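Report on one structure; see the data block that follows.
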Amino acid sequence: MPQIKKRAALVINTDPHDKEGSHWLAMYIQDEKTIEFFDSYGLPPSVYEPHISHYVKLFPNVISNEISLQASHQMFADNIAFSIFLKDVQDIR
-17 MPQIKKRAAL VINTDPHDKE GSHWLAMYIQ DEKTIEFFDS YGLPPSVYEP HISHYVKLFP
43 NVISNEISLQ ASHQMFADNI AFSIFLKDVQ DIR
């Protein structure tokens, strides 16, 4: 993943680039020290080894949701979850 020093919102899939995609995650980099990690299942970044969890560990302050907004079989809930995340990102400005 890229090294980002300014505010940025990232939407990433847990599958490698050569696969169809299975689950979407979002991260909002507030500054060089703080990252907000969003998973609609409410799982922590450590579940997503090795790349995602390693990237999140680069930030001393990690904010993550612990409440599941969807069951693992509900694909449509990703859109709702990301709408909530993006609204929060816009409100931070």
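Numbering of the sequence shown is given in our numbering, commencing with residue -17 and proceeding in unit increments.
Beta carbons: idealized from backbone N, C-alpha and C, even for Gly.
Computed from a predicted model, the values in this text were never measured in an experiment.
Considering only DSSP beta bridges, list what residue i is partnered with.
i          : result
residue 43 : 16
From what residue to what residue does the alpha helix (DSSP H) around residue i run?
i          : result
residue 49 : Unbroken run through residue 49: none, as it is neither H nor E.
residue 37 : 33 to 38
Just checking my contact of residue i with residue j at CB under 8 angstroms: how many whole Å lie between their CB atoms?
i          : j          : result
residue 18 : residue 30 : Going by Cβ atoms, the distance from residue 18 to residue 30 rounds to 15 angstroms, so no, they are not a contact pair.
Check whether the Cβ atoms of residue i and residue j sit closer than 8 angstroms, and answer yes or no.
i          : j          : result
residue 45 : residue 16 : yes
residue 22 : residue 40 : no
When we look at the beta-carbon of residue i and count the other beta-carbons within 10 Å, is it buried (16 or more) or exposed?
i           : result
residue 0   : exposed
residue -10 : exposed
Need the endpoints of the beta strand (DSSP E) that residue i sits in, please.
i           : result
residue -7  : -10 to -5
residue 117 : Given a span of -17 to 75 for the chain in the structure shown, any question on residue 117 remains unanswerable.
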